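Using my numbering, read the sequence shown as starting at 872 and increasing by one per residue.
The structure under discussion appears below in the form of structure tokens.
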Amino acid sequence: MTSLVGLLDKPWQLLRTVLSDVPPDRAASVRKALTLGGLCYGLYRLWRNATGRDLPFKGPRGPPILGMFGRLRRGHEGDDFNRWALEYGPVYSFRFLFSKATILSGITEIKQVLKARPHDYTRRFRVKRSFDGIGAHGLFSAEGEEWRQLRRLTSPAFNDKRVNEQATPIIAEAVREMVEKWRAQGTNQGPIMVCTIQEDLNKLTLDVICRLILGRDLGFQRGSNEAVQEDIRVAIENDLPQLLRDRAPWGKIWPFNQLWTIYDDIAARADRNGRMLADCILKRKMAIASGDDGVPNDLLQTLVQHFSLSEGPALDASLKGNLLTFLTAGSETTAGTASYLLWYLARYPRVQDKLRQELTTGTGSVLDRAKFPYLNACVMEVLRLRPAAYTLVLETARPGVLLCGSSLPKASVVVCNLYGAMVLKYGAEFKPDQWLEPDSEVNRDLLHGTDLLSFGYGPRVCVGKQLAVAELVMMAAAIVTQFRLLLPDGDAQAAEPESIFRLTMKPVDRSIRLLLTPLV
């Protein structure tokens, strides 16, 4: 507190020093001149703020000081970004209180920015602090050499070979368990109404990711460890957005910490998740030390070997942080996208029938894009329409970064609106057929090799993209061949599912309900 007061006192100390050198007969005039100059400068800044002359691009303005505060609706940011892109174009800027942001909703502009990482653009400074706050600092929030080291370390765990050999049997078993649960809910009287689509898919993806990276079946689908699932959900939906919004963690400072308990709650959840992971790590270390031949060659094994068994608490925290990163990033995101996919298949019966015909007549692995092109097209289309990571928020890493002809100062906020870029150009309707032609415009624009823009672009494309696509493909194939999907009468007229935009895009809780008619 003393250092903060001293910092605030320095300008006044400097002013007193200047005024002390002024002759007494001129001191009053100098004070008036300084006051008038300060007032004029304040009015000038207010005028630039109000007219948007300090922004690099045209865009929505809002009132002075506030800017778009109150107009950028929390939970509907993706829709607001798209609405303003239609009005101001693919590149626009606005002010939000004391911050300025440039929003990119054009595919070309987004690729330009993502390709320039990390030299020109990095994640915002709050990202590492926020992920540290929930105990999940790892590959996602790392930058520089730390990120390069973690990327080299973790990417083999999610390559095509590892996904095909290790993940597919785990996914198949988890999907079979969920399908059996749904069948048990029905009777012979008619279709089965399932109102917990997203919750069930969350449990499925958590089971898959835990078995794949921890080598343990935590039984989420069987009702075990529900507290862990809830802690992970709250960390993604509430804790991370709260920490990312905070310029300064006032709730940790007296007397505010006596009034607000939110940071205590966040710390308690992080501690519970950390203890669960510490138990997994300890058991794996004991298995390694005992020379157990049955230790799986999974991500936990790789990370434990990298972070030395005898190192201190800092590296132990890094180990837990990286594991929690994959648990959070690999569960809720894929579950939300899978929920959307089932909704679209129920909403468009023609697409569902065409997909079912391909699956019943085809042979071989459903992961083979050449043998099951329509299945792959349906997955690509839902990833285009409903990308879990609907935006990427970055900041310029150095002064003078050029963006669309404008020079940006260091730490300028740039938001890549992936959702808007893909929806505004190719429409909001579910049209998987457009992916069937390899030379089509949508393939040229949104695919880079096998990397879809939904997973990013450039050097920091999502490391778990193959696993996410495999889960979506296998889940859709199993469900469509065993059930006919319908929307309840009250939902059948909806043009699109209800979504909420937080850290990720996901369906509103309990908004996706399906009628499942068993086929076999």
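Just so you know, even glycine gets a beta-carbon here, dropped at the ideal spot from N, CA and C.
Please read these numbers as outputs of a predicted model, since none were measured by experiment.
Which word fits residue i, buried or exposed, when buried means at least 16 other C-beta atoms lie within 10 angstroms of its C-beta?
i: C1333; result: buried
i: K1377; result: buried
i: C911; result: exposed
i: M1157; result: exposed
i: S976; result: buried
i: P961; result: buried
i: L875; result: Residue placement at L875 is flagged as unreliable, the pLDDT there being 40, under the threshold of 50; the coordinate-derived value follows with that caveat. Its Cβ having fewer than 16 others within 10 Å, L875 is exposed.
i: K1191; result: buried
i: G1086; result: buried
i: L1174; result: buried
i: L1254; result: buried
i: H947; result: exposed
i: V1379; result: exposed
i: R1047; result: exposed
i: T1204; result: buried
i: K1281; result: exposed
i: D1164; result: exposed
i: T1232; result: exposed
i: R1084; result: A small correction: the amino acid at residue 1084 is Ile; Arg does not occupy that position in the sequence shown. That one is buried.
i: K971; result: buried
Please confirm whether residue i and residue j have their CB atoms less than 8 Å apart.
i: L1230; j: A1348; result: yes
i: M1251; j: T1039; result: no
i: G941; j: F965; result: no
i: D1102; j: R1146; result: no
i: A1248; j: I978; result: no
i: E1342; j: V1065; result: no
i: R994; j: L1358; result: no
i: A1268; j: P989; result: yes
i: L985; j: G1329; result: yes
i: P927; j: L1279; result: yes
i: E1108; j: R1373; result: yes
i: N953; j: V1351; result: no
i: Q1069; j: A1206; result: yes
May I have the straight-line CA-CA distance separating residue i from residue j, to the nearest angstrom?
i: G908; j: R897; result: 16 Å
i: S1181; j: L957; result: The predicted model places S1181 with a pLDDT of 46, which falls under 50 and marks its position as unreliable, so this point remains unresolved.
i: L1386; j: A1138; result: 40 Å
i: L813; j: L1356; result: In the structure as shown, the chain starts at 872 and stops at 1391, and residue 813 therefore has no counterpart that could be examined.
i: I1042; j: N1035; result: 10 Å
i: Q1337; j: F996; result: 29 Å
i: L1246; j: L1226; result: 6 Å
i: D1187; j: F1178; result: 7 Å
i: Q1037; j: L1216; result: 28 Å
i: F969; j: L1238; result: 48 Å
i: A1209; j: S1202; result: 11 Å
i: T1375; j: F1002; result: 15 Å
i: F1301; j: S1325; result: 16 Å
i: L1394; j: K1032; result: Outside the modelled stretch of the chain, which goes from 872 to 1391, sits residue 1394, for which no answer is possible.
i: Q1364; j: Y1297; result: 22 Å
i: V1050; j: G1015; result: 43 Å
i: G1061; j: E1044; result: 26 Å
i: S1382; j: Q1228; result: 28 Å
i: D1169; j: I936; result: 51 Å
Start and end of the beta strand (DSSP E) containing residue i?
i: R966; result: 962-967
i: T993; result: 992-994
i: E1203; result: Looking at the DSSP string, E1203 is not in any beta strand (DSSP E); the run it does join, the alpha helix (DSSP H), is 1203-1218.
i: V1313; result: No beta strand (DSSP E) contains V1313, which is instead part of the alpha helix (DSSP H) from 1312-1317.
i: M1064; result: 1063-1065
i: C1287; result: 1284-1288
i: L1356; result: 1354-1357
i: V1264; result: 1262-1267
Could you pull the start and end residues of the alpha helix (DSSP H) that residue i belongs to?
i: A1139; result: 1133-1160
i: T1388; result: Note, T1388: premise wrong, no alpha helix (DSSP H); beta strand (DSSP E) at 1385-1389.
i: M1376; result: Element bounds for M1376: not the alpha helix (DSSP H) but the beta strand (DSSP E), 1376-1378.
i: F952; result: 948-959
Please tell me whether residue i has its Cβ less than 8 Å away from any Cβ of chain D.
i: W1053; result: In summary, chain D is missing from the structure at hand, where a single protein chain is found.
Measuring CB atoms only, is the stretch 1185-1198 touching the stretch 1367-1379, in the sense that at least three cross pairs come out at less than 8 Å?
no
Quick one: any contact between the stretch 1063-1075 and the stretch 1106-1116, if contact means 3 or more CB pairs under 8 Å?
no
Taking contact to mean at least 3 C-beta pairs separated by less than 8 Å, is the stretch 1214-1225 in contact with the stretch 1278-1288?
no
Is the stretch 1297-1315 close to the stretch 1262-1276, with three or more CB pairs under 8 Å?
no
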